[in-house]
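In this note's numbering, the protein residues as written are 17 to 430. Positions of the beta carbon are idealized from the N, C-alpha and C atoms, including for glycine. Owing to the predicted nature of the structure, the values given are computational and were not obtained by experimental measurement.
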Amino acid sequence: MSTLLQPVRGTHDLLPEDTRRHRHVEDTAFAVARRYGYGEVVTPIFEFTEVFARTLGETSDVVTKEMYTFTMGEDSLTLRPEGTAGVARAFISNGLSQSLPLKLFYRGPMFRHERPQKGRQRQFHQVGIEFLGVESPLADVEVVSMGWRMLEALGLKGKIQLEINTLGDLDSRTAYRNALVAYLEPMRLTLSEESRARLDKNPLRILDSKDEEDRRIVAQAPVMTDCLTPAAREFFDQVTAGLTALGIPFTVNPKLVRGLDYYCHTAFEFTTDALGAQGTVLAGGRYDGLIGQMGGPATPGIGWAAGVERLSMLLGEAPPPERPVALVPMGDAMAALALADRLRAAGISVDMGFSGNMKKRMARAAKAGARFAIILGEDEAARGAVTLRDLDSGEQAEVAEERLLGLLTAQKSE
RNA sequence: GCGGGUGUAGCUCAGUUGGUUAGAGCGCCAGGUUGUGGUCCUGGAUGUCGUCGGUUCGAAUCCGAUCACUCGCCCCA
17 MSTLLQPVRG THDLLPEDTR RHRHVEDTAF AVARRYGYGE VVTPIFEFTE VFARTLGETS
77 DVVTKEMYTF TMGEDSLTLR PEGTAGVARA FISNGLSQSL PLKLFYRGPM FRHERPQKGR
137 QRQFHQVGIE FLGVESPLAD VEVVSMGWRM LEALGLKGKI QLEINTLGDL DSRTAYRNAL
197 VAYLEPMRLT LSEESRARLD KNPLRILDSK DEEDRRIVAQ APVMTDCLTP AAREFFDQVT
257 AGLTALGIPF TVNPKLVRGL DYYCHTAFEF TTDALGAQGT VLAGGRYDGL IGQMGGPATP
317 GIGWAAGVER LSMLLGEAPP PERPVALVPM GDAMAALALA DRLRAAGISV DMGFSGNMKK
377 RMARAAKAGA RFAIILGEDE AARGAVTLRD LDSGEQAEVA EERLLGLLTA QKSE
């Protein structure tokens with residue numbers, strides 16, 4: 017196939033069969049979010065590069081090698097690699113600190129220049145939420161439990177585990193970072209190459225290294241929970257107690273860290289083992305420092321994002337679309353189109369072919385999944401009637417045209 | 001960015017030690033039935049064998065490059 021006719025690497029077309037699952041995931045997520053009082057926000061899919069570079073962390077992988085950045089005139093712009101930075105920017109731009117607390121839901125495409133794999137694309141879609149302005153750990157409980165309820169609503173409860181950890185407050189993090197470096201430094205040469213680099217730049221990330229030797233070393237390392245300030249410990253205890261009170265199963269994973277710099281306190285991940293190397297399906301955490309750091313009023317926040325493609329892959333089948341009624345005109349096709357027009361105006365989904373003999377049209381009706389076929393023949397037309405055929409049972413009967421709409425409407429509401 | 005695997009019809013795949021017009025199933029189209037679908041029967045169409053180059057009398061088959069997909073690493077949704 018010519019290069020021109022191929023989609024760009026890591027991008028995919030979503031055909032109707034795909035969008036059915038895709039929309040089901042998005043719509044379910046939003047329906048659940050609405051029950052928690054969220055409104056939808058739509059921010060641009062590109063921002064000034066600074067918006068991402070400053071907030072995600074200059075050393076994060078996303079910023080250093082995964083951004084789609086381009087220049088227009090003087091401006092450096094970047095296709096959004098994730099949603100939180102843009103929402104935070106919109107919060108500041110629109111002066112929304114007047115409306116706190118604020119609950120925002122978003123959905124849409126994200127872009128990361130990574131090597132594609134199963135469950136990883138260069139353009140992918142996320143649904144996500146941000147809850148701004150509440151410092152209480154109860155906000156964390158609500159946000160995490162909402163993620164769980166959403167996965168439950170998608171029927172994925174049995175395929176997913178929740179892991180949770182705390183990154184503590186600033187003091188806890190500094191203390192822990194020092195303790196960790198002090199422990200690892202003497203073993204620097206036994207660490208993997210990547211981890212040696214991380215030791216200087218972002219030692220916390222060594223914790224979730226997949227290198228076997230690293231894992232052995234890390235197994236004995238000090239854990240975050242040892243270094244928590246009393247306040248940070250109390251915060252985390254309330255979060256876990258809250259989840260327990262709501263009956264949400266989770267495991268505390270002290271090795272869980274997040275790749276982006278803006279997280280503090282609660283970090284969590286919903287994972288599955290059904291997607292190969294890409295186990296994370298929904299993840300997030302608290303980011304109290306983010307908005308202040310971007311130049312806005314100091315505002316606490318917590319949120320999560322979920323990968324729509326990954327969730328779609330876990331989904332068995334999306335709910336089937338509404339079954340249409342098929343119109344099969346034998347003679348006057350325009351009269352049939354007019355009838356279709358009246359039925360559609362009444363809210364009935366009508367499929368009508370424009371060519372072919374009766375056999376072809378009936379086959380088309382069956383393929384469209386139609387429940388009924390309305391056959392418009394000359395004989396019936398003369399009597400002001402149509403033939404209504406039940407395509408499931410094969411039974412058919414002549415029906416006066418004025419009774420048709422009533423019958424179909426009654427059927428539909430069954 | 002690094003390493004492994006794979007590219008043949010719309011889809012899933014066969015194709016022998018290199019040998020004429022490259023196959024199957026499903027799907028699609030047509031007919032059996034010009035007013036009756038889902039079953040059945042009959043017939044039909046469809047390929048730059050991913051692309052470019054090389055070896056050879058001859059390449060889907062061997063070699064090289066390239067592109068894409070895929071699995072893993074890194075990292076993440």
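According to DSSP, is residue i helix, strand or coil?
| i | result |
| --- | --- |
| K173 | helix |
| E414 | strand |
| P335 | coil |
| L183 | coil |
| S115 | helix |
| S152 | coil |
| Y303 | coil |
| F46 | helix |
| M162 | helix |
| L31 | coil |
| Q236 | coil |
| R399 | coil |
| Q139 | strand |
Hey, would you say residue i sits closer than 8 Å to residue j, going by beta carbons?
| i | j | result |
| --- | --- | --- |
| L392 | A352 | yes |
| L31 | H38 | no |
| M126 | F140 | yes |
| Y199 | C243 | no |
| T256 | V273 | no |
| Q294 | K134 | yes |
| L330 | A290 | yes |
| V157 | F147 | no |
| E105 | M310 | According to the sequence displayed, residue 105 carries Arg and not Glu. For R105 and M310, yes; Cβs fall inside 8 Å. |
| M346 | M374 | yes |
| N181 | P246 | no |
| L205 | L215 | no |
Thinking just about the alpha-carbon of each residue, which of the options is nearest to the one in residue i?
| i | options | result |
| --- | --- | --- |
| L276 | V415, L343 and G99 | G99 |
| S161 | S76, R380, Y279 and E285 | E285 |
| I390 | T425, A342 and S92 | A342 |
| V324 | V297, R70 and A401 | V297 |
| G111 | Q294, R358 and A314 | A314 |
| T287 | S211, G174, G53 and E418 | G174 |
| R405 | L423, E394, G372 and L207 | L423 |
| K217 | E228, T241, L196 and V234 | L196 |
| R131 | E179, L172 and K81 | K81 |
| I264 | G53, E417, L178 and A101 | L178 |
| T425 | R387, S211, L407 and G308 | R387 |
| L172 | H281, G301, M378 and L327 | L327 |
| E201 | G410, A299 and I233 | I233 |
| N194 | P238, E33, R380 and G102 | P238 |
I'd like the list of long-range same chain contacts for residue i, defined as Cβ closer than 8 Å, with 5 residues on each side in sequence excluded.
| i | result |
| --- | --- |
| M44 | Sequence inspection shows Thr at residue 44; the Met mentioned does not correspond to that position. So the list reads M166, A169 and L170, once near-sequence residues are dropped. |
| R360 | V366 |
Apart from the five residues on each side of it in sequence, which residues of its chain come closer than 7 Å, Cβ to Cβ, to residue i?
| i | result |
| --- | --- |
| A356 | L343, V366 and M368 |
| L14 | Any answer about residue 14 is impossible in this case: the structure gives the chain only from 17 up to 430. |
| G73 | V79, L276 and D277 |
| E396 | V402, T403 and E414 |
| R138 | R25, G26, T27, F127, R128, H129, E130 and P132 |
| R212 | R204 |
| M17 | Low per-residue confidence applies at M17: pLDDT is 44, beneath 50, and the placement is therefore not dependable, though the value from the model is reported in the following sentence. Cβ neighbours of M17 beyond the five flanking positions: none. |
| E509 | What is shown of the chain runs 17 to 430, which leaves residue 509 out entirely. |
Considering only residues of the same chain and omitting the five flanking positions on each side of residue i, which have a CB-CB separation below 6 Å?
| i | result |
| --- | --- |
| Y122 | V57, G99 and G144 |
| R36 | A334 |
*Sufficient close CB pairs (3 or more, under 8 Å) joining the region 66–80 to the region 179–191*: no
*Segment contact flag, the region 312–320 with the region 335–345, C-beta cutoff 8 Å, min 3 pairs*: no
*Given 8 Å, three or more beta-carbon pairs between the region 111–122 and the region 72–91*: no
*State whether the region 222–230 contacts the region 150–168, with contact taken as three or more CB pairs (one from each stretch) at a distance under 8 Å.*
no
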